[in-house]
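**Q**
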Amino acid sequence: MGFRSFAFFLLFALVLTGPVLGQDSVAKRVPLIMIDPGHGGNSVAGSLDERSNSSPNNAKSPSGIFEKDLTLEFSKVLREEIFAVANERGEKLGVVLTREKDVNLDFKTRAAYCNQQGATCVVSIHFNADGVGKSKGSLALISNPKRNPNYEMDEKFGKALAAACSEGVQKLLPSSYSRGTITDGHLHGGLGSNFFFQMARLPQLKNIPKCFLEVEFIDNAEVERAILKGDRIANFRTIARPVAEFLVNHALGER
Ligand SMILES: [Zn+2]
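Per my numbering, numbering through the sequence shown is continuous, rising by one, with the last residue being 328.
#1: Which of helix, strand or coil does DSSP assign to Arg252?
#2: Hey, is Pro177 close to ligand 1, as in C-beta under 7 angstroms from one of its heavy atoms?
#3: Nearest by alpha-carbon distance to Met107: which of Lys174, Cys187 and Lys209 is it?
#4: Taking only three categories from DSSP, how would you classify Ala202?
#5: Please list, in chain order, all residues of the same chain as Gly95 whose beta carbon is under 8 angstroms from its beta carbon, the five residues on each side excluded.
#6: Measuring only the C-alpha atoms, how far is Leu87 from Pro222?
#7: Among Ile255, Tyr224, Leu264 and Arg305, which residue has its Cα nearest to the Cα of Pro282?
#8: Regarding Gly111 and ligand 2, is the C-beta to nearest heavy atom distance less than 7 angstroms?
#9: Using three-state DSSP, classify Val296 as helix, strand or coil.
#10: Would you check whether ligand 1 has a heavy atom nearer than 7 angstroms to the C-beta of Ala235?
#11: In terms of alpha-carbon separation, which member of Glu297, Gly263, Cys284 and Ile255 lies closest to Phe269?
#12: In the structure shown, what three-state DSSP assignment does Val176 receive?
#13: Are there 16 or more other CB atoms within 10 angstroms of the CB of Glu173, so buried, or fewer, so exposed?
#14: Does the stretch 128 to 137 come close enough to the stretch 197 to 213 that 3 or more CB-CB pairs lie under 8 angstroms?
#15: I need the DSSP call for Thr329, collapsed to helix, strand or coil.
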């Protein structure tokens, strides 16, 4: 077979086996943890009209480290920690990252990547800023109860996730603490997060917890010194470990 016809054969074979794979117990048995590294690239992706717009970057540290780079670094470390925890327990689970490099994706695309059979939760990774560099703490942002039929589930999940993250941060910055959850009622003139808006429309995501995890306030110089300087990957591993343990427990409990 020439390359082209072989490529077509492969494509055809995949299409043909698609439904069979879908029914395979493996597809159902392996729980998936969806991680979205927030922001990326250099320009806005999507549009406000479609409610799909994702900004390339929001927060920045005092020395100029961008949130978009930290979200990607942290997400990759978190994925490794999730696999490490799962391996230690002899369990199999999958991790889906919505992006692997410095690109911005609109929220429709991010939501579509997460909309997979076996998805147990969606966590969008972010770093916070208060604009004056005075705040610290980890928090989860969840969808407002007015628009969210799963508010209680999201609240419970977000609170536990923020606490797990804070447990890791406190090993590097003992004065940090968990701020629990806040809702997105203040965003987009009361409409809420466009990511939640896009995810609410997708069947695999309807009944699983979804939140943004704001790891820490990176415009605070004390936070920057404690978690972004030195061996940042090792620092992120320290923070990600309890987060991974929580997410693995959650994912396995979903089966
Ligand atoms: Zn952000």
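Quick reminder that beta carbons are idealized off the backbone N, C-alpha and C, glycines included.
**A** Short version:
#1: Within the sequence shown, numbered from 1, the residue matching residue 252 stands at position 179. It is a strand residue.
#2: Taking the first residue of the sequence shown as position 1, residue 177 is located at position 104. At residue 177 the sequence reads Asn, which differs from the Pro that was named. The answer is no for Asn177.
#3: Locating residue 107 in the sequence shown gives position 34, where the first residue counts as 1. The shortest C-alpha separation from Met107 is found at Cys187.
#4: Position 129 of the sequence shown, counting from 1, holds the residue named residue 202. Coil, per DSSP.
#5: Here residue 95 corresponds to residue number 22 of the sequence shown, with the count starting at 1. Its pLDDT being 38, under 50, Gly95 is placed unreliably in this model, and the coordinates cannot settle the point.
#6: On the sequence shown, position 14 is the one that residue 87 refers to. On the sequence shown, position 149 is the one that residue 222 refers to. Residue placement at Leu87 cannot be trusted, given a pLDDT of 34 that sits under 50; what the coordinates show is reported in the next sentence. Using only the alpha carbons, I get a separation of about 37 angstroms.
#7: Along the sequence shown, read from residue 1 onward, the residue named residue 282 stands at position 209. Of Ile255, Tyr224, Leu264 and Arg305, the residue nearest in Cα terms is Tyr224.
#8: No copy of ligand 2 occurs in the structure displayed; its ligands are ligand 1 alone.
#9: One-based indexing of the sequence shown puts residue 296 at position 223. DSSP places Val296 in helix when its eight states are reduced to three.
#10: Residue 235 sits at position 162 when you count from the first residue of the sequence shown. No, the Cβ of Ala235 stays beyond 7 angstroms of every heavy atom of ligand 1.
#11: If you number the sequence shown from 1, residue 269 lands on position 196. Answer by Cα proximity: Cys284.
#12: By 1-based counting over the sequence shown, the position of residue 176 is 103. Val176: coil per DSSP, three-state reduction.
#13: Reading the sequence shown from its first residue, position 100 is the one you call residue 173. Flag for Glu173 reads exposed.
#14: yes
#15: Residue 329 cannot be examined here, being either before or after the span of the chain that is shown, 74 to 328.
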